[in-house]
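These notes concern the structure reproduced below.
Chains as they are written, first to last, in this note's numbering: chain C, 12 to 395; chain V, 12 to 395; chain B, 12 to 395; chain H, 12 to 395.
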């Protein structure tokens, strides 16, 4: 009996470890850590629940140490521990682990030392693929963004010098020095508008109105540049990520390069965890799926069909039947490529041979299905 | 005479019922309900017109109950009452009907209970097709938007921790705790700028300026992502909705798939209620219309021409005559497909055969018209 | 002598009338009227310069009456006075002329009556072509914009009801009624942030932060929709306006429809007043010009060359010589079509025959020039 | 020994002069000048470090005088001193040099006179190429932007006149005159929201809410126009700048014009200073490089390979090997053309002959490499 308890414990331990390694647990720990850290700066809460908050913070820190250790061991196995330490991810790990203990050792009071735990927020960015994309947009559009920044600085300096001249007599504490006037200009140009420094003269109002409208113009340019850059970058990154997956689907390998490129531009990649419903029976469908990696199960009668990597499903929705006729769910973590109805129709217009191939495959599968059902009716009973 | 009064009443009742089922009545009821609910929270108005407001609110609630009942009966006829209840639309219906009575039964005071009527605002979204589109944009761009959100959170936490350190000595009530400092950071990063918490030191001003500029950058990225996503989604959704309608127009059925796809991308769908003017004589025209569903009447002399589903009109505007020569109005609720002058010209350059077909049809119709007028002059008088 | 004085007066009168009919004079009068009207509301200025301001306002009003009369006479000649009165332009004219006198007649005090002169600002929009374009964007994207508006309203109502519940105990004057709370929600959702109503509780701060972030999201969607719509509309309107002009240039008439459409998409229309420099010698050029309407003079030695409607110039900049070799200026108000270097190169890659035609025309003109110079050297002296 | 000291001095002087002529030094001087100027307006700092700040400002001024002189001499050599003075760059130079001394000579107090040094911020824009691009966007979209501005003015005037009427009784100092009311309208329409003037009546709140929503709409339109314009302009300017460089690469000269145009649209220009790493061994690569101007060194064993203008490298990353196999760095200031993986794949689909050419060149180079290594093994020892 003690034996079975140990087994149970081991089992619980294993599933706990598995949960601990999951991204969900990671985000929960980061969230708990940040909330505890925030609460720890409020004297009232510290008075009521100080030890609990402290314990929570230490637990989070321990979790990050373990996580960093696991990552380091993985890297040293692959032989690149030092490289890891100086990679962005490694630096974020170190920033999450070291500052707080060092500050405490240096004699900083705990509430101040734990403020450094706000660096844990950087861990949120550690495994986000979208970040590389955003960074690329900033790098590619650097010249244009720098021009907007210089425009911003020019308006800032000239406006604050002028406002300083106009308002310094009337409001010496608000506009008496250029730094104070610059603060007003920043607050106004960004359309934040705290209202702690406001011009009072007619001329000041006129200048203020001009600065606000420059703020909108600057803002518009900035947004325009980022929107342009982001559109290009997002098309590019989707294409590159999809290309390799598309190569794995046999159905596409027979395509000539131009058709291959065209369909790669159309497909959208989606990662589906294990045992998740992809298609629900009775819903309206407007896309078909190709399985780049993984496996799905189609719940048709009498026996569910298993479709492996390289096959496709849901094509009936694109060939006329918009109501899904069966549930489909993943049996393994899978990477699916989605072909949308609109893209499918465009593709079919340019490449009718593709439509015929998909149609033939669909019919073949349907006849398979009928035959299997026929066989079942004739003899064997298959338990559900 | 009493009989005729009953008939009149029945007739009024019928037209009232028809009005009550129209979207306009629905929006009026929702609007009246929200206004009454808002007024009900003001003690002065409650003192003056309390019973009237209360009556208005109960009427609106009754209307929603009836509406929900009608919808439920419709669904149960079709056999899916339960599915309706758990659909977004059903949940919105329940949220509009149940909370207020339940709150009143639980003994909540009427002014507080009727606050729950603010949930009626959700009914505005119930039948808006654009919502699905906006939701899709958020889903498709989820990864990129999440990256921007994480960027936002990182700046938020680091800035408020730093500001807390800088300003807590000078302004203990404003920046003395991290939650207070976080509030400042949110207000500043979103460029809202209430001005209830403002840094006073030079270092605080510098950090504040940085945070505002980060706010603009974040904002720009966010807008860029949504703009990109929305552009793609709007093209896609227009294409899909138009495709099925285009298939119904015989004129397009002879086109090869590539031309069909091309013209589907160009056409814009518009739904016109009964007895509405589509073209006014003497106006400058820059588009032609295909009738996907419904019927229009062209007011040509001597007898108006009726054009049914699958025909087109207004093509003269694209073939040289920019001034409309006749009034055209719908006789039934119709779905029209609009082909713009710019798109028409592009299309004609690629597909001259289409231009010829439209030209031929236009000429045929004109000769028809002349012949009919000739016939009329020779003999019969047609009552208008 | 009196006679010559009369002639001079008549001449001055004529040039004054010409100036008075010019757009510049119109904008000056509108500007002066708006400034005078604004100044008239300030008691101090009214005390100092009341009669002058009053006189200025009456002059502006007189100008608008004359302008309206001229417009009406023009329209009644063409037979559509009534139609004019009910057109947007006619309504703006009436709103500029009637309200102030009517208010004065009804016994409203002058400072209040002249406030109605703020309607003159509508006259700025009267002759702006871009307005139709903006209006079209709003109409075409109406469904999507309505969805965003409904989203905005939903967040507005739910947030203000929640904030009313959270804060009404602590701040009864700021959040004690739903209208007050709605005012806070509008000010916050639009990121205006006056700071007159600010939540004070922790829960209120959390809700406020959420509302601000919703504000940014709504804003982003709104901007995205307008950006998408505007891009499409601007392409379309440029194409339509350019098409008719392109048809007038003989050089393009030989093109097949596809090439014609392609070049129409590339050309940009620009209207140049009389006697204006289009090209300056020695500057770097990156475009060529086609003359759709009007006339230009090329200052080549020995005699300037006059180029009329349908010809082109500045093509050397695209064929290798980036430094302009001669001044070119208009001799009549002209409409030019600009072909940019980037578009020219793309065009040349697809349509090499066009490049050859432009090249041949350029060479022919150069040899013409040489021959003429030769002729001049041999004999006749042409006065500049 | 004195001789060597002089030599050292001369050497230091030369390297100092070289540094002084570099853009970095220029930006440092501008930055120092602006900071000193800002500090000089604060009485406390002037008391503590007045002479130092003053000296710093005079030094910066001297630097700008020298810089202007060098520029002028360069221009007068080329024969265009006057033209330079009236060019934007020349005016900025004059604005940086003259105003402060003139103000001091006119007897303005130093702190006020040095305020004019804020004009130095204009020097930041002097050599930024992106500025011309931004200016072009504003010029090309002028009509649309003017429409938005007029819309803004209309809302501004009508809203402030209405708010003046509504609120003047309750808040005579805030809304008693139209100028004061206009100030509120500007602050609100730009969503700045200082909060110094806030409507208090219910009607005022309603109008205020409308104005804020108009502000968002105006903002969205403005951003949309700039985004559209910027996207087009950025494509155009990249194409033009790249075209000339592409012509210099022999590999592209054999392409037909359509392919040439296509690849020019894909390439991105980047300028790399001397001795800078372009590719790092072991990194993941997703682009290849063409050398338009300059020279790079590929660190392959046993002897580094030097690649000159017109060659390409890094192509293995696009042909299957995503891990870089050698370090590549520039030996001279170089201009590289980058071809991205996504564009490369699209290009290969349309132009398979290009893929074959790149493949062949890659193989040729690899065999070269092998042969050289072979030669080295057989005999000669090459010093690294």
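A virtual CB, placed ideally from N, CA and C, is assigned to each residue, including glycine. Quantities reported herein were computed from a predicted structural model and do not represent experimental measurements.
Original post:
Using CA coordinates, which residue listed in C:26, C:343, C:127 is at the minimum distance from residue 103 of chain C?
Top reply: C:127
**OP:** Note down, in chain order, every chain V residue with its Cβ under 7 Å from the Cβ of residue 242 of chain C.
**Re:** 239
Subject >> residue 230 of chain V to residue 201 of chain V span [Cα, whole Å] >> reply: 8 Å
Original post:
Just reading off the alpha helix (DSSP H) that residue 41 of chain V is part of, what are its end residues?
Top reply: 34–51
**OP:** Quick one: list the residues of chain C neighbouring residue 254 of chain V, beta-carbon separation under 9 Å, in chain order.
**Re:** 352, 353, 356
Original post:
What does residue 168 of chain V reach in chain C if we use C-beta pairs closer than 8 Å?
Top reply: 45, 129, 132
Subject >> residue 109 of chain B (DSSP reduced to helix, strand or coil) >> reply: coil
Subject >> Between the CA atoms of residue 280 of chain B and residue 296 of chain C - distance to the nearest angstrom >> reply: 46 Å
Original post:
Listed from N- to C-terminal order along the chain, which residues in the stretch 191–210 of chain B have their beta-carbon within a distance smaller than 9 Å of any beta-carbon of chain C?
Top reply: 202, 203, 204, 205, 206
**OP:** Report the three-state DSSP secondary structure of residue 117 of chain H (helix, strand or coil).
**Re:** coil
**OP:** List the DSSP bridge partners of residue 345 of chain H.
**Re:** H:283
Original post:
Are the beta-carbon atoms of residue 177 of chain H and residue 221 of chain H separated by less than 8 Å?
Top reply: no
Original post:
Can you tell me the Cα-Cα spacing of residue 33 of chain V and residue 180 of chain B, whole angstroms?
Top reply: 41 Å
Subject >> Exposure of residue 216 of chain V, with buried meaning 16 or more beta-carbon neighbours within 10 Å >> reply: buried
Original post:
What do you reckon, are the CB atoms on residue 101 of chain B and residue 95 of chain B nearer than 8 Å?
Top reply: yes
**OP:** Compare the C-beta of residue 361 of chain B against all C-beta atoms of chain H and say whether one is closer than 8 Å.
**Re:** yes
Original post:
In angstroms, rounded to a whole number, what distance separates the CA positions of residue 11 of chain V and residue 355 of chain V?
Top reply: The structure shown does not extend to residue 11 of chain V, since chain V spans only 12 to 395, so no value can be given for it.
**OP:** Name, please, each residue of chain C whose Cβ falls closer than 9 Å to the Cβ of residue 86 of chain V.
**Re:** By Cβ distance, chain C contributes nothing, its closest Cβ being about 14 Å from residue 86 of chain V, past 9 Å.
**OP:** Taking only beta carbons into account, state which residues of the stretch 262–280 of chain B come closer than 9 Å to chain V, listed in chain order.
**Re:** 267, 268, 269, 270, 271, 272, 273, 275, 276
Original post:
Mind pulling the chain H residues with CB within less than 8 Å of residue 233 of chain B?
Top reply: 227, 228, 231
**OP:** Measure from the C-beta of residue 96 of chain H to each C-beta in chain B and report whether the shortest distance is under 8 Å.
**Re:** no
**OP:** Provide the residue(s) that pair with residue 205 of chain V in DSSP beta bridges, ordered along the chain.
**Re:** According to DSSP, residue 205 of chain V bridges with nothing at all.
Subject >> Residues that DSSP places opposite residue 334 of chain H in a beta bridge >> reply: H:295
Subject >> For residue 318 of chain H, the residue or residues it bridges with in DSSP >> reply: H:307
**OP:** Give the straight-line distance between the Cα atoms of residue 394 of chain B and residue 270 of chain B, rounded to the nearest whole angstrom.
**Re:** Low local confidence applies: a pLDDT of 42 at residue 394 of chain B is under 50, so the model's placement there is unreliable, with the coordinate-based value given in what follows. Their backbone Cα atoms lie some 44 Å apart in a straight line.
Subject >> residue 288 of chain B (DSSP reduced to helix, strand or coil) >> reply: strand
Subject >> Against chain B: residues of the stretch 137–148 of chain V by CB proximity under 8 Å >> reply: 139, 140, 141, 142, 144, 145, 148
**OP:** Run through the stretch 170–224 of chain B for me and flag every whole alpha helix (DSSP H) of 4 or more residues, listed as ranges in chain order.
**Re:** 183–186, 189–200
**OP:** Find out if the Cβ-Cβ distance for the pair residue 287 of chain V, residue 341 of chain V is shorter than 8 Å.
**Re:** yes
Original post:
What's the C-alpha gap between residue 240 of chain V and residue 67 of chain H?
Top reply: 51 Å
Original post:
What residues match up with residue 323 of chain H in a beta bridge as DSSP calls it?
Top reply: H:301
Original post:
Opposite residue 340 of chain C in the DSSP bridges: which residues?
Top reply: C:288, C:308
Original post:
Under a CB-based cut-off of 8 Å, is residue 188 of chain B close to chain V?
Top reply: yes
**OP:** Would you please verify whether the beta carbon of residue 224 of chain H is less than 8 Å from any beta carbon of chain B?
**Re:** yes
**OP:** Check the Cβ-Cβ distances between residue 431 of chain C and every residue of chain H, and say whether any is below 8 Å.
**Re:** This structure does not reach residue 431 of chain C, given that chain C is present from 12 up to 395, and the question cannot be answered.
Original post:
Who are the neighbours of residue 162 of chain H on chain C, taking C-beta pairs under 8 Å?
Top reply: Within 8 Å Cβ-Cβ: nothing; residue 162 of chain H doesn't reach chain C, min ~13 Å.
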